[in-house]
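Using our numbering, you'd call the opening residue of the sequence shown number 178 and step up by one each time.
We put the beta carbon where it would ideally sit given N, CA and C, even for glycine.
Quick caveat, the model's predicted, so the values are computed rather than measured.
Take a look at the structure below.
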Amino acid sequence: MALDSFTEGAVHEGAEWSGELYRIASTQFAGTADVLDLDAEARTRLLEPRRALTVNFPIRMDDGSVREFTGYRVQHTLTMGPTKGGFRYAPGVSLGECAALAMWMTWKCALLGLPFGGAKGGVRCDPTQLSAGELERITRRYTAELIPVIGPDRDIPAPDMGTGEREMAWLYDTYSQAMGYSVPAVVTGKPVVLGGVEARQPATGLGCVYVIEALLERLGWPIREQRFVVQGFGNVGRVAARELFAIGAPVVGLSDVTGGIVDPAGLDVDDVAAWVDAEGSLEGYPRAQAVGRSEILETECDILVPAALERQLTSENADRIRCRLVVEAANGPTTPEAESVLADRGIRVVPDVLANAGGVTVSYFEWVQDHQRFTWDGIELQDRLRRMMRAAAIKVWEGSEEHDVDLRTAALTVAVRRVADAGARRGIYP
Ligand code: GLU
Numbered sequence: 178m179a180l181d182s183f184t185e186g187a188v189h190e191g192a193e194w195s196g197e198l199y200r201i202a203s204t205q206f207a208g209t210a211d212v213l214d215l216d217a218e219a220r221t222r223l224l225e226p227r228r229a230l231t232v233n234f235p236i237r238m239d240d241g242s243v244r245e246f247t248g249y250r251v252q253h254t255l256t257m258g259p260t261k262g263g264f265r266y267a268p269g270v271s272l273g274e275c276a277a278l279a280m281w282m283t284w285k286c287a288l289l290g291l292p293f294g295g296a297k298g299g300v301r302c303d304p305t306q307l308s309a310g311e312l313e314r315i316t317r318r319y320t321a322e323l324i325p326v327i328g329p330d331r332d333i334p335a336p337d338m339g340t341g342e343r344e345m346a347w348l349y350d351t352y353s354q355a356m357g358y359s360v361p362a363v364v365t366g367k368p369v370v371l372g373g374v375e376a377r378q379p380a381t382g383l384g385c386v387y388v389i390e391a392l393l394e395r396l397g398w399p400i401r402e403q404r405f406v407v408q409g410f411g412n413v414g415r416v417a418a419r420e421l422f423a424i425g426a427p428v429v430g431l432s433d434v435t436g437g438i439v440d441p442a443g444l445d446v447d448d449v450a451a452w453v454d455a456e457g458s459l460e461g462y463p464r465a466q467a468v469g470r471s472e473i474l475e476t477e478c479d480i481l482v483p484a485a486l487e488r489q490l491t492s493e494n495a496d497r498i499r500c501r502l503v504v505e506a507a508n509g510p511t512t513p514e515a516e517s518v519l520a521d522r523g524i525r526v527v528p529d530v531l532a533n534a535g536g537v538t539v540s541y542f543e544w545v546q547d548h549q550r551f552t553w554d555g556i557e558l559q560d561r562l563r564r565m566m567r568a569a570a571i572k573v574w575e576g577s578e579e580h581d582v583d584l585r586t587a588a589l590t591v592a593v594r595r596v597a598d599a600g601a602r603r604g605i606y607p
């Protein structure tokens, strides 16, 4: 009877993280663990995050009212060193979403050989509806709530969706005020004048293009002959599209939250960027055909680069995707169901943990500089980024050829094996 009364209200394992993105991340992990034949102990240690902090805090709004906000910070593994990962401001932020994104950060860092475990955080809000003052108060209060779990050798935040160098500067200042001295290494993606590096802002987009270059060389597909479609014209998509255009690769489609534009002969991406700078979005761009937000993904091309939100390629649209290769510049844009449809159709997917790892790689350079109080020049950082991204891409490619697995499985096996090995060697405390 006693047992019944306990099991009746029982919470099933992992229920804390429930959510679609966590389901995707854990499905991918389970598939990789099977390929690696990981034992139950390693699976237990790697699946769920080690730590999570949920905070609710009040903020005084500009109109004098008080609103409560919910924020999270999730640290996936503490085995590899301090944890690392961005924090986002978006309406869908949840514990499960942060847990999934933290797990992917672990695999990204392991694949690139960076001395970090993965973390992710965020505040549930719509930053487009908040003033700069409200965002500053949210950022400072969120930082203050996080002080027990972050730090230059503990957990190092960075930008993600809806946050940038402005928010990183506020986090840096708030943390430093609490410590009593400046601690630049507590956060990356800072403004250059505060110890940030110029190479950080374009790093994710550039890293993605370096991966594309390396893989196309292996595939024997000349980059200037591939038609690209880039979904998203923010921090990542805009940089990737402009770099592709600069290389001479035709970018035939682009989109942002307002919709898409298409020109089969190739868009002038610099002209599009100038339009967006002046008008605020792609809407109304006169020198291309306008298409809907979802149509852009179905535009015929060779290489589709989803660089916006998660869960864009799903079982609903996977059979209408018309490309030869998908390159995941965003985190989690392809669901496992869509991926198997794409695989059946012969469309390969370059996984997020490789394609968007450029951001955290340059964050690592920034963190090392802050620790050493020494700066490298921008050209050197970009060159290092290129070398590291190419090496990781080639490692993934070779793993996929050697073991006859898809590129995601190849990338995740390299990463998961490394973290599992480190965990086994450190052992279990106590
Ligand atoms: N938020 C970025 C990502 O998803 C970068 C994290 C970082 O620089 O630490 O990879």
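Distance cut-off 7 Å: residue i Cβ against heavy atoms of the ligand GLU
i	result
D337	yes
T209	no
M280	no
V326	no
T365	yes
G262	yes
K572	no
S540	yes
N233	no
V537	yes
N508	yes
N412	no
N494	no
N- and C-terminal bounds of the beta strand (DSSP E) containing residue i
i	result
G437	G436 to V439
I324	It is not in any beta strand (DSSP E) - I324 carries neither H nor E in the DSSP assignment.
F246	V243 to Q252
V386	That residue, V386, is in no beta strand (DSSP E); its alpha helix (DSSP H) goes A380 to L396.
A267	F264 to A267
F405	F405 to Q408
L502	L502 to V504
Separation of residue j from residue i, as counted between CA atoms
i	j	result
V504	Y358	42 Å
Y349	W194	29 Å
E460	G443	18 Å
A296	A277	9 Å
A569	T260	20 Å
P268	V593	31 Å
E344	G328	16 Å
A587	V386	19 Å
D583	D496	18 Å
V527	R602	31 Å
R244	Y319	14 Å
E477	Q403	11 Å
W119	F293	Lying outside 178 to 607, the shown extent of the chain, residue 119 is not represented and no answer is given.
Q546	W347	20 Å
R227	R525	33 Å
C302	S271	11 Å
A179	A187	Reliability fails at A179, whose pLDDT of 47 lies under 50, so the model's placement of it is uncertain and the value that follows must be treated cautiously. Taking the straight line from one Cα to the other gives about 13 Å.
F234	G298	15 Å
Q252	T231	12 Å
G341	V413	12 Å
L396	S577	12 Å
A192	A202	14 Å
V370	D440	40 Å
V212	R419	38 Å
D581	S458	42 Å
A599	W452	49 Å
Reduced DSSP secondary structure (H/G/I, E/B, other) of residue i
i	result
G196	coil
D216	coil
Y319	helix
S308	coil
V232	strand
L288	helix
P513	helix
A467	strand
D433	strand
M178	Note that M178 has pLDDT 41, beneath the 50 cutoff, so the model's placement of it is unreliable and the number below is only indicative. Coil, per DSSP.
I400	helix
Y606	coil
I480	strand
G339	coil
A296	strand
G331	According to the sequence shown, residue 331 is Arg rather than Gly. In this structure, R331 counts as coil in the three-state DSSP scheme.
R301	strand
Start-to-end residues for the alpha helix (DSSP H) that takes in residue i
i	result
V596	L584 to R603
V677	Here the chain comprises residues numbered 178 to 607, so residue 677 is not present and cannot be evaluated.
V446	V446 to E456
R561	G555 to H580
Report yes or no: do the region 300 to 313 and the region 553 to 570 share at least 3 C-beta pairs separated by less than 8 Å?
In this structure the region 300 to 313 does not touch the region 553 to 570; the number of beta carbon pairs closer than 8 Å is below three.
Hey, is the region 333 to 343 in contact with the region 361 to 377, meaning 3+ C-beta pairs nearer than 8 Å?
yes
Would you say the region 390 to 401 touches the region 430 to 440, given that touching needs at least three Cβ pairs under 8 Å?
no
Count Cβ pairs between the region 376 to 385 and the region 405 to 422 that sit closer than 8 Å; are there 3 or more?
Yes, they touch.
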